[in-house]
Amino acid sequence: MPEEPWWKSAVVYQIYPRSFADSNGDGVGDLEGIRRHLDHLSWLGVDAIWLSPIYRSPMDDFGYDVSDHCDVDPVFGTLDDFDRLLAEAHERGIRVLLDWVPNHTSVQHPWFVDARSSRDSAHRSWYVWRDGGDDGGPPNNWRAAFETDASGGFKPAWALDPDTDQWYLHLFLPSQPDLNWGEPQVVEAMHDVLRFWLDRGVDGLRADVIHCIGKDPRLPSDPPSVAGIPKSATNDDPSTHELLRGIRSLIDSYPGDRMMVGEVYLLDTSRVATYYGDGDELHLAFNFPPLYTRWEAPAWRKRVQEVLDHFGPVSGWPTWVLSNHDNPRHRTRYGTEARARAAAVLLLTLRGAPFLYAGEELGLHDAEIPPGRAVDPGGRDGCRAPLPWERAAPHGWDTEPWLPWPPDPSGHSLEVQRDDPTSMVHLYRRLLATRRSSPALGHGDIELLSGPDDGHTLAWRRSLGDDHLVVAVNFTSEARPLSLSLAGDWVIELASDAADGEGEAWSGSLRPDQAVVLRPR
Ligand code: GLC
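Numbering follows numbering that gives the first Met the number 0, in which position 212 of the sequence shown is assigned residue number 211; successive positions increment by one, without gaps.
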């Protein structure tokens, strides 16, 4: 059997650089802060880190509005800091993925500054310009993400440029104009950006809203069924697939298994599956329906089955995500630490590549953001609260960070949890070690098991060669007997609620909110 690429069995750890660790006392995290905490990531056992954008940016969308793709914003450090971080991560066997933002730039990017300078400018065609509609308003009914009007509706995805008297398209903020990927020079320029970072040695990219880059060139208004929904959640044009094939061949032309994971923000797993192409588009695609699924067994069974049904035929390797920088953390959504622990077992034992969001290993909740401290136009500050490293305030930061702390920062700090073998961080560490030592968890098949308790529990078998494991999750807060008709005796390899019971024969019953990994004796 040919060797599998690293990213199939990898656990990727997402870092939101502003909130991870600060080295220079300005209250905003930076690259040197990340470098100084590589020990934590090695100890935890992650295979790769993905950094949310570190490029020069006016920070209207905290880095997802790029004004120079080939430099580091001074708030995060310098290119030298990046090179040092990359080298030291590699020394520890940790791969590094960067966020690549191909759909739009900042209005301050020199390309857009030139584009808006006149209708005849060299970069005019690099963005999407149209005359107004018949009523003098926006060219079509598309809506942008984030900002709402007085009645709560999303605002138009068009802004009028008064000097050149045309409208430009922006699927996000007005200060994030969409690039025109129908213009070959844009394709070449964005390929150059990829080359810049791949030449520097990054192991891969996370591609921001990649399903948005191809657009129907006629820019037709949305039909009533989806009108009013931000276009970025529905855009699914065939032209994106051709663009992805070009991007894939560029990445695959580099040695060393470089990869791209794409954010395909279409809440329909059958559509997400199409972005794997014929093995010639994305290496991995985020599939977000599970992220929006309630903590209930039947709902999760459906999500896992959908992935089997739709990714199987295209041989798409799945990804699993419970938390990221755009959504409330699952610790907050699911309400209790016990459930968050069971969810960690699920996340790290399903078939596919799990993505962790920094701080979930500490069991962080979202911060409460008082009205005067809100900074994100999309209302996502809570999940971006800083990581507490030390017990005593300011928790390993030199000063009060840019956002408020999550609740109980002392109790959730790494310092406190490192000393407690029953803590959340030790659960994540043990789960990562279990994954690493099990070929079945890394690359094996999955089979959903059914039993009389399906309304409350979910169980699956992972197998590869001689390696077999069974995972069982109790989605309720009552003890549940679990009749799985497993042949032979099974031992608890890992339990979500504490080390208690591990190594012992399994009784056939799950404790309240418990998940277990079982191995044949
Ligand atoms: C993606 C990012 C989000 C960003 C948006 C616009 O959804 O995850 O943080 O605001 O794209 O770039």
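In this text, a Cβ means the ideal position worked out from N, Cα and C, and glycines have one as well.
Which residue wins for smallest C-alpha separation from residue 92, given the options 296, 58, 109 and 44? As a working note, residue 92 is residue 93 in the sequence shown. Of the candidates 296, 58, 109 and 44, the one whose C-alpha sits nearest the C-alpha of residue 92 is 44.
Checking 9 Å against the spacing of the C-beta atoms, do residue 204 and residue 85 come in under that value? The residue labelled residue 204 in the question sits at position 205 within the sequence shown. The residue labelled residue 85 in the question sits at position 86 within the sequence shown. Going by C-beta atoms, residue 204 is not nearer than 9 Å to residue 85.
Using a Cβ-Cβ cut-off of 6 Å (strictly less than) and excluding sequence neighbours within five positions of residue 233, which residues of its own chain qualify? Residue 233 sits at position 234 when you count from the first residue of the sequence shown. Cβ contact annotation for residue 233 (same chain, cutoff 6 Å, sequence separation greater than five): 225, in chain order.
How about residue 166 and residue 128: do their beta carbons lie closer than 9 Å? Residue mapping note: residue 166 aligns to position 167 of the sequence shown, counting from 1. Residue mapping note: residue 128 aligns to position 129 of the sequence shown, counting from 1. Between residue 166 and residue 128, the CB-CB gap stays under 9 Å.
Tell me whether residue 537 sits in a helix, a strand or coil according to DSSP, three-state version. Past the edges of the chain, shown from 0 to 520, lies residue 537, and the structure says nothing about it.
List in chain order: all unbroken beta strand (DSSP E) runs of 3+ residues lying wholly within the region 190-255. Segments of the beta strand (DSSP E) lying fully in the region 190-255: 203-206.
Are the region 282-292 and the region 254-269 touching by the rule of at least three beta carbon pairs closer than 8 Å? Contact between the region 282-292 and the region 254-269 is present: three or more C-beta pairs spanning the two stretches fall below 8 Å.
Taking 8 Å as the cut-off, is the C-beta of residue 175 nearer than that to any heavy atom in the ligand GLC? On the sequence shown, position 176 is the one that residue 175 refers to. Residue 175 Cβ: within cutoff of the ligand GLC.
C-alpha gap between residue 299 and residue 342, whole angstroms: Locating residue 299 in the sequence shown gives position 300, counting from the first residue. Locating residue 342 in the sequence shown gives position 343, counting from the first residue. The C-alpha of residue 299 lies about 11 Å from the C-alpha of residue 342.
Say the cut is 8 Å; is the CB of residue 60 nearer than that to a heavy atom of the ligand GLC? Position 61 of the sequence shown holds residue 60. The closest heavy atom of the ligand GLC lies less than 8 Å from the beta carbon of residue 60.
Start-to-end residues for the alpha helix (DSSP H) that takes in residue 38: The sequence position of residue 38 within the sequence shown is 39, counting from 1. Start and end: 37-43.
3-residue-minimum beta strand (DSSP E) runs that sit fully inside the region 342-368, ordered along the chain: DSSP runs (the beta strand (DSSP E)) wholly in the region 342-368: 352-356.
Is the beta carbon of residue 323 within less than 8 Å of some heavy atom of the ligand GLC? Taking the sequence shown and counting its residues from 1, the one referred to as residue 323 is at position 324. Yes - the ligand GLC has a heavy atom lying nearer than 8 Å to the Cβ of residue 323.
Following a CB-centred definition, is residue 23 positioned closer than 8 Å to any heavy atom of the ligand GLC? Reading the sequence shown from its first residue, position 24 is the one you call residue 23. No, the ligand GLC has no heavy atom inside 8 Å of this Cβ.
The ligand GLC heavy atom lying under 8 Å from the CB of residue 171: For the purposes of this step, residue 171 is identified with residue 172 of the sequence shown, where counting begins at 1. It does: the Cβ of residue 171 is within 8 Å (strictly closer) of some heavy atom of the ligand GLC.
Of all the options 471, 24 and 519, which has the alpha carbon lying nearest to the alpha carbon of residue 490? As a position in the sequence shown, residue 490 is number 491, starting the count at 1. Cα-wise, what sits closest to residue 490 is 519.
So, is residue 447 buried or exposed, given that buried needs 16 or more other C-beta atoms within 10 angstroms? The residue labelled residue 447 in the question sits at position 448 within the sequence shown. Residue 447 should be labelled exposed.
Counting C-beta neighbours from all protein chains within 10 Å, is the total for residue 49 16 or more, i.e. buried, or is it exposed? One-based indexing of the sequence shown puts residue 49 at position 50. Here residue 49 is buried, its C-beta having at least 16 other C-beta atoms within 10 Å.
Since residue 122 and residue 113 are thought to touch, with beta carbons under 8 Å apart, how far apart are those beta carbons, to the nearest angstrom? Sequence index remark: in the sequence shown, residue 122 carries index 123 (1-based). Sequence index remark: in the sequence shown, residue 113 carries index 114 (1-based). About 4 Å; that satisfies the 8 Å criterion.
Given 8 Å as the limit, is there contact between the region 346-357 and the region 307-325, that is, 3 or more CB pairs closer than that? The region 346-357 is in contact with the region 307-325.
Would you kindly work out how many angstroms separate the C-alpha atoms of residue 217 and residue 239, rounded to a whole number? Here residue 217 refers to the residue found at position 218 when the sequence shown is read from its first residue. Here residue 239 refers to the residue found at position 240 when the sequence shown is read from its first residue. Whole-angstrom Cα-Cα distance: 15 Å.
Does the pairing of the region 444-458 with the region 11-27 give three or more beta-carbon distances under 8 Å? They do not touch, by the three-pair rule.
Less than 6 Å between C-beta atoms, sequence neighbours within five positions excluded: which residues of the same chain meet that for residue 313? Along the sequence shown, one-based indexing puts residue 313 at 314. Hits under 6 Å: 272 and 275.
Residue closest to residue 219, alpha-carbon to alpha-carbon, out of 245, 140 and 402: Reading the sequence shown from its first residue, position 220 is the one you call residue 219. Among 245, 140 and 402, the Cα nearest to that of residue 219 belongs to 140.
Return yes when the Cβ of residue 87 is within less than 9 Å of the Cβ of residue 142, no when it is not. To locate residue 142, count along the sequence shown from 1; it is residue 143. To locate residue 87, count along the sequence shown from 1; it is residue 88. Judged by beta-carbon spacing, residue 87 lies beyond the 9 Å limit of residue 142, meaning their Cβ atoms are not closer than that value.
Out of curiosity, what's the CA-to-CA distance linking residue 326 and residue 61? Taking the first residue of the sequence shown as 1, we reach residue 326 at position 327. Taking the first residue of the sequence shown as 1, we reach residue 61 at position 62. About 15 Å.
Quick one: what's got a C-beta closer than 6 Å to residue 477's C-beta in the same chain, skipping five residues either side? Position 478 of the sequence shown, counted from the start, is the residue given in the question as residue 477. The answer, listed in chain order, is 511.
Return the first residue and the last residue of the beta strand (DSSP E) that residue 521 is part of. For residue 521 there is no data in the structure shown, the boundaries of the chain being 0 and 520.
Answer yes or no: the CB of residue 103 versus the heavy atoms of the ligand GLC, is any distance below 8 Å? Looking up residue 103 in the sequence shown gives position 104. Yes, the ligand GLC has a heavy atom inside 8 Å of this Cβ.
Give the DSSP-derived three-state secondary structure of residue 259 in the structure shown. Locating residue 259 in the sequence shown gives position 260, where the first residue counts as 1. Correct three-state label for residue 259: strand.
Give the straight-line distance between the Cα atoms of residue 440 and residue 242, rounded to the nearest whole angstrom. Walking along the sequence shown from the start, residue 440 turns up at place 441. Walking along the sequence shown from the start, residue 242 turns up at place 243. Roughly 33 Å separates the two Cα atoms.
Which residue comes first and which comes last in the beta strand (DSSP E) that contains residue 516? Taking the first residue of the sequence shown as position 1, residue 516 is located at position 517. Per DSSP, residue 516 is one residue of the beta strand (DSSP E) stretching across 514-519.
Determine which residues share a DSSP beta bridge with residue 461 and list them. What you label residue 461 is simply residue 462 of the sequence shown in a count that begins at 1. DSSP lists 445 and 468 as the bridge partner or partners of residue 461.
Tell me the rounded alpha-carbon separation between residue 150 and residue 229. On the sequence shown, residue 150 is found 151 positions in, with the first residue counted as 1. On the sequence shown, residue 229 is found 230 positions in, with the first residue counted as 1. Cα to Cα, the separation comes out at about 15 Å.
Would the beta-carbon of residue 381 be found less than 8 Å away from any heavy atom of the ligand GLC? For the purposes of this step, residue 381 is identified with residue 382 of the sequence shown, where counting begins at 1. Every heavy atom of the ligand GLC is 8 Å or more from the Cβ of residue 381, so no.
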